[in-house]
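Reading the sequence shown from the start, the letters are residues 68 to 242 in my numbering. The C-beta atom is built at its ideal place from N, Cα and C for all residues, glycine as well. These numbers were taken from a predicted model, which means no experiment stands behind them.
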Amino acid sequence: LPDFRYAFFGLREETDIEDVNDIMLKTFLQVLLLKKGLEEGRIKVEVEKIFWQMREMERGYSYLQVSIIEYILGAVEKVDEEILIECIEKILPERREDLMTLAEKWRREGIKEGIEKGIREGREQGIQEGIAKGIEQGIEKAALNALREGLDVKLISRLTGLSVERIEELKKKLN
């Protein structure tokens, strides 16, 4: 039977994990602490600590470094790409090329997401404008029908909300 060990960590503050010796576990706990939320001024300091710990990891765990960076960027709202790039250049310069490729991927995904959002918003705005135009055309059609029935221009204006001038223009189209 396997001999499982487990430990409980109360992640209220970074002092709760200072005594952890396993670098991967410590890095993981730091990331969780970062996700938990810190005041604005401490975020960069904590991200730098995580990068220094990643530097201590063996070279064979480079995939883990990339995963940690992706997780930080995706899961921690207050950490932006600029902080991560600065930490890469300062602490992991030998990994700069592969990690900057990752940063470029983020940039492309951000641009793609922005384009998709713009298309969605444009489509939504187009639909709204189409609905408004359809309503306007429906009102004008109702006004034209009322004119054909011989209703008074002022009465049609009151019923449709169109100006008397617009109804007069529509009346000219009938003749």
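Just to confirm my understanding: we take residue i, look at its own chain, exclude 5 residues before and 5 after, and list those with CB closer than 8 Å. What are they?
| i | result |
| --- | --- |
| E156 | R163 |
I'd like to know whether the C-beta atoms of residue i and residue j end up nearer to each other than 8 Å.
| i | j | result |
| --- | --- | --- |
| V220 | K200 | no |
| L151 | I139 | yes |
| I182 | F118 | no |
Measure the C-alpha to C-alpha separation of residue i and residue j and round it to an integer number of angstroms.
| i | j | result |
| --- | --- | --- |
| E149 | V114 | 12 Å |
| L229 | L214 | 13 Å |
| K240 | T227 | 18 Å |
| E122 | Y73 | Looking at the sequence shown, residue 122 is not Glu but Arg. Cα to Cα, R122 sits roughly 26 Å from Y73. |
| K111 | Q204 | 57 Å |
| Q195 | A209 | 21 Å |
| Q120 | R109 | 17 Å |
| E191 | E207 | 24 Å |
| L222 | L211 | 13 Å |
| M124 | M91 | 7 Å |
| E153 | E180 | 24 Å |
| K184 | K172 | 18 Å |
| T94 | E137 | 14 Å |
| G217 | R187 | 45 Å |
| E102 | G193 | Per the sequence shown, residue 102 should be read as Lys rather than Glu. Each residue's alpha carbon lies about 39 Å from the other. |
| R175 | T168 | 11 Å |
| K116 | D89 | 15 Å |
Ignore the nearest five residues each way along the sequence and tell me which others in residue i's own chain have a CB closer than 7 Å to its CB.
| i | result |
| --- | --- |
| S224 | S230, V231 and I234 |
| G189 | none |
| P160 | none |
| F71 | none |
Looking at the unbroken alpha helix (DSSP H) that takes in residue i, where does it start and where does it end?
| i | result |
| --- | --- |
| L237 | V231 to L241 |
Counting only the same chain and skipping the five closest in sequence on each side, list residues whose C-beta sits under 6 Å from that of residue i.
| i | result |
| --- | --- |
| P69 | none |
| I198 | none |
- Can you check the segment 147-224 for any alpha helix (DSSP H) of at least 4 residues that lies completely inside it and give the ranges in chain order? Segments of the alpha helix (DSSP H) lying fully in the segment 147-224: 148-158 and 163-215.
- Task: Scan the segment 88-125 and note each continuous alpha helix (DSSP H) run of 4 residues or more that stays entirely inside, going in chain order.
- Result: Within the segment 88-125, the runs of alpha helix (DSSP H) at least 4 residues long that lie entirely inside it are, in chain order, 90-103 and 107-123.
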